[in-house]
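Report on one structure; see the data block that follows.
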Amino acid sequence: MRCVFRGNSMPVTVKWYKNEAPLEVEKGKIEIKNNNLGKGRVQSRLRILALDTHDTGYYKCEASNKYKTIETIGILKVQGGE
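See the structure below:
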């Protein structure tokens, strides 16, 4: 999953959540990478390795600076194999 935010005030802090619980990098399972794209744009990528049905949920990407906080939410549904 990825999100891109634009703003004029840096620095921007980006946090990821699953079902409102904070997500942290977990070696071999969860990768989070943040990149400054220039012109006030910041991109954050969440990568979940070895997806399984327990990864199903609501994922939120939240960006904040000293002026405000904005967020975007996505739903991930992982179906089991047959």
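Just so you know, we're using the UniProt record's numbering here: the sequence shown kicks off at 1 and counts up by one.
We treat Cβ as the ideally placed atom computed from N, Cα and C, and that holds for glycine.
Quick caveat, the model's predicted, so the values are computed rather than measured.
- Where Lys29 is concerned, there is no enclosing beta strand (DSSP E), because DSSP gives it neither an H nor an E.
- In this structure, the straight-line span from the alpha carbon of Tyr67 to that of Ser9 is close to 8 Å.
- Counting other Cβ atoms within 10 Å of its Cβ, Val78 stays below 16 and is therefore classed as exposed.
- Judged by DSSP secondary structure, Glu62 falls within the beta strand (DSSP E) whose first and last residues are Gly57 to Ser64.
- Pro11 and Tyr17 have their alpha carbons spaced roughly 20 Å apart.
- Linking Gly40 to Ile32 through their CA atoms gives a straight-line distance of about 20 Å.
- Annotation for Gly7: Gly40 and Asn65 place their beta carbon closer than 7 Å to its own, counting only its chain and skipping 5 residues before and after.
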